[in-house]
Amino acid sequence: MALQLKEEHACESADSDPKIVKFAIVKKRQEDHSLEVGLASFEDAILPHLDAAHNLARWLLRNEQDAQDVVQEAYLRAFKSFAGFHGGNGRAWLLTIVRNTSYTLLKKNRAVDLTTTFDEEIHGSGDEVVSPVTILERSDNAELIKEAMDHLPAEFREILALRHQEGLSYKEIAEIAQIPPGTVMSRLARARTKLREYLAARMGKEK
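For the sequence shown, position 125 (counting from the first letter as 1) is numbered 155 according to our numbering, and the numbering increases by one without interruption.
Encoded structure:
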């Protein structure tokens, strides 16, 4: 019986050893500090681009609630995988996650407007037609532009939003959309043409 009391007392002494307690406290503080630093770095890299993320999701999904849900999911995915982000273009990195998450939802809902059969590598260059920005300035009707965009395939809505709303370069868009820069230019040309054709027909009916 006395031996048992001695063992319990020994365990108590080990648990209350000042060196062990101090080590545990220091380790906990280091972990908390690392978490705080990691969270701060994540917020610095990601938070400034949430508006761009929401805009892209909204144009792709054409539904405000779906866009909000996708941005939240993308934010969580970005946080979980932030250890693999080694600096660089935080906006492009986040928008890539938003894009992939949006397309997953579109495919889940069996959307039929994901792609077009147009041969992008043969037709068109990036600057052969007037931009939607110019069309918007001339028509002075943002709702009409939105209506026209909604009638385009998702890949066209995506590239127009990235280029004309977010002002991204062809290289950045290529990184986000995971396509060659040449395809970005030809797809943008095709999207502009389709947008212009729709607007011309739509405004012609109103005259």
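We treat Cβ as the ideally placed atom computed from N, Cα and C, and that holds for glycine.
Quiz item: Just how far apart, CA to CA, sit E73 and Y228?
Solution: 40 angstroms
Exercise. Count the other C-beta atoms from every protein chain shown that fall within 10 angstroms of the C-beta of A104, then say buried if there are 16 or more, exposed otherwise.
Key: buried
Practice problem: Pull up the CB-CB distance for R129 and E185, whole angstroms please, since I reckon it's below 8 angstroms. | Solution: Going by Cβ atoms, the distance from R129 to E185 rounds to 10 angstroms, so no, they are not a contact pair.
Self-check item: Under the three-state DSSP convention, the category P78 falls into
Solution: helix
Quiz item: Would you say I209 and A122 are within 7 angstroms of each other, going by their C-beta atoms?
Solution: no
Self-check item: Presumed contact (8 angstroms Cβ cut-off) between A70 and L124, rounded CB distance
Solution: With 8 angstroms as the limit, A70 and L124 do not qualify as a contact, their Cβ atoms being about 17 angstroms apart.
Quiz item: If we ignore side chains and look at the alpha-carbon of each, how far apart do Y200 and A221 end up?
Solution: 14 angstroms
Exercise. Just tell me which of R226, L192, G234 and P211 has its CA closest to the CA of D81.
Key: L192
Practice problem: Following the continuous alpha helix (DSSP H) through S132, name the residue where it begins and the one where it ends. | Solution: G120 to K138
Quiz item: Is N93 helix, strand or coil when you go by DSSP?
Solution: coil
Quiz prompt | Reference N139; option with closest CA among N85, L91 and I203 | solution = L91
Self-check item: Residue ranges of each alpha helix (DSSP H) within the region 180-208, 4 or longer
Solution: 184-190 and 200-207
Self-check item: Candidates L136, Q195 and E173, of which the one nearest A97 by Cα
Solution: L136
Quiz prompt | Spatial distance of E150 from L182 (CA atoms) | solution = Unreliable positioning characterises E150 in this predicted model, as indicated by a pLDDT of 43, which lies under 50. A coordinate reading is not provided.
Quiz item: Relative to the C-alpha of R88, which residue among K224, D180, P78 and L198 is closest?
Solution: D180
Quiz item: Can you list, in chain order, the residues of its chain whose CB lies under 6 angstroms from that of F148, leaving out five sequence neighbours each side?
Solution: Note that F148 has pLDDT 41, beneath the 50 cutoff, so the model's placement of it is unreliable and no number is given.
Quiz item: In whole angstroms, what separates the C-alpha of T131 from that of L106?
Solution: 11 angstroms
Practice problem: Taking the CB atoms as reference points, tell me whether I127 and A113 lie closer together than 7 angstroms. | Solution: no
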